[in-house]
Amino acid sequence: MKPIIIVHGGAGDISESRIQGKFDGVKVAVRAGYEKLMNGGSALDSVEAAVVSMELDENFNAGYGSVLNLNGEVEMEASIMWGQDLISGAVTLIKEFQHPISIARKVLTDTPHSFLGGNGAKLFALEKGFQQVPPESLISESAKEALNDFLNKGDDQRTEIGRKDEGGVG
Amino acid sequence: TVGAVAIDADGHIAVATSTGGINGKMVGRIGDTPLIGGGTYADDNVGGISTTGHGESILKYCLAHTIIKLMEGGLDADTATRQAVNGMTARLNNTAGAITLSKNGDVGIHFSSKRMAWAYVKNDKVYYGIEHDQTLEEPL
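From first to last, the protein sequence lines are chains A and B. Note that my numbering has the first sequence beginning at 21, numbered continuously upward. Note that my numbering has the second sequence beginning at 678, numbered continuously upward.
Structural data, given as structure tokens:
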């Protein structure tokens with residue numbers, strides 16, 4: 021089988037000003053994942069590497085740059101699945117870690133469970149050696165602006181991030 | 678939201694999806710991304726899918742699993758992805774997107790939203806796009 025990887029960087033009313041950043045980010049991510057495959061890594065290694073790359077990039081709504089909840093906090097979630105035997109790992113309500121996808125992978129590989137949330141997910145991540153980061157370190161200026169727009173303009177302005185463009189309904 | 682689907686040299690398929698959710702969400706809100714069958718699905722016998730878009734709609738429609746089942750029923754990756762995403766939007770009046778690989782490495786990309794950023798590597802080229810009916814390419 022010839023290895024292959026595909027990535028996405030989010031759907032919705034992506035404004036013109038964010039297109040180049042999205043292009044750059046998905047190309048970096050897909051190359052990171054492909055490099056894993058070419059160096060003998062598994063498909064799991066590949067998809068984790070690609071997503072980790074985008075979790076570091078403020079152009080994407082994941083990891084650093086995630087959108088904010090009504091309290092102005094980042095609350096992230098992630099899942100990963102292995103098609104050989106349909107095992108999966110997922111986490112939700114993650115606030116203090118840079119890479120939710122890597123914690124999800126540990127749920128897949130190191131527990132008999134599929135899905136951990138909230139404080140349990142946090143305790144599990146710490147047990148597995150993931151380093152906590154200050155929650156504010158995950159908040160980008162764009163995310164703050166997007167929440168302010170949402171709070172000031174109401175639900176019709178809701179979008180993944182940034183102001184809603186005309187013609188979009190994502 | 679971000680996601681990735683890969684097939685390795687042994688023919689095994691993996692899918693990963695990660696997100697910050699939706700802007701201005703209620704505290705404690707959970708979307709489709711961590712829900713297997715909603716935001717993510719992988720089966721070596723069929724293919725793999727990662728989704729993005731309106732989370733509440735995606736999880737109601739079990740979008741990733743819907744695409745898998747359409748492929749299992751004989752549709753190719755692109756047709757299954759298009760049919761499921763458009764079906765969700767027609768049924769629930771919200772938008773989404775998905776990326777799909779079949780077990781043979783065939784690609785499916787479709788979104789009912791205004792835009793979706795995507796990229797894949799094939800034959801030493803990077804293909805990418807963000808607008809409807811747009812495919813750009815550059816050397817790997």
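Glycine included, C-beta positions come from ideal geometry on N, C-alpha and C.
So the candidates are the options; which of them puts its Cα closest to the Cα of residue i?
i, options, result
"A:G29", "B:Y797, B:K802, B:D801", "B:Y797"
"B:I699", "B:T758, B:T678, B:I684, B:V692", "B:T678"
"B:W667", "A:M21, A:G149, A:I26", "Any property of residue 667 of chain B remains undetermined from this structure, which presents chain B solely from 678 to 817."
"B:G730", "B:D685, B:G806, B:H689, B:S789", "B:S789"
"B:G688", "A:K164, A:G140, A:Q104, A:K42", "A:Q104"
"A:V71", "B:G680, B:S779, B:N800, B:E814", "B:G680"
"A:V48", "A:E36, A:G60, A:V67, A:K142", "A:V67"
"A:I24", "A:A63, A:T112, A:G109", "A:A63"
"B:A741", "B:V692, B:D801, B:L817", "B:V692"
"B:N800", "A:M58, A:N81, A:I121", "A:M58"
For the alpha helix (DSSP H) that residue i lies in, which residues bound it at each end?
i, result
"B:H742", "740-749"
"A:V127", "120-130"
"A:G194", "Absent from the model: residue 194 of chain A. The displayed extent of chain A is 21 to 190, so no value can be given."
"A:A52", "39-58"
Can residue i be considered in contact with the ligand MG, in the sense that its beta carbon sits closer than 8 Å to one or more heavy atoms?
i, result
"B:K780", "In terms of ligand content, the structure shown is empty, and the ligand MG therefore cannot be addressed."
Would residue i be called buried (16 or more neighbouring beta carbons within 10 Å of its own) or exposed?
i, result
"B:D810", "exposed"
"A:H133", "exposed"
"B:V704", "exposed"
"A:K56", "buried"
"A:A124", "buried"
"B:M748", "buried"
"A:E186", "Low confidence applies to A:E186: its pLDDT is 36, below 50, so where it sits in the model is not reliable enough to give any reading."
"A:D130", "exposed"
"B:P711", "buried"
Would DSSP call residue i helix, strand or coil?
i, result
"B:E808", "coil"
"B:D801", "coil"
"A:G182", "Per-residue confidence for A:G182 stands at a pLDDT of 44, beneath the threshold of 50, marking its modelled position as unreliable; the derived number appears in the next sentence. A:G182: coil per DSSP, three-state reduction."
"A:F117", "coil"
"B:M765", "helix"
"A:S162", "helix"
"A:V67", "helix"
"B:A794", "strand"
"B:I726", "strand"
"B:F788", "strand"
Could you check where the beta strand (DSSP E) with residue i kicks off and where it finishes?
i, result
"B:T694", "690-696"
"B:A775", "773-779"
"A:S99", "96-102"
"A:F80", "Neither: A:F80 is in no beta strand (DSSP E) and is coded neither H nor E."
"B:T717", "717-720"
How many whole angstroms separate the CB atoms of residue i and residue j, which I take to be in contact at a CB cut-off of 8 Å?
i, j, result
"B:I726", "B:A775", "6 Å"
"A:M21", "A:G45", "The Cβ separation is near 27 Å, so there is no contact."
"B:G715", "B:L736", "4 Å"
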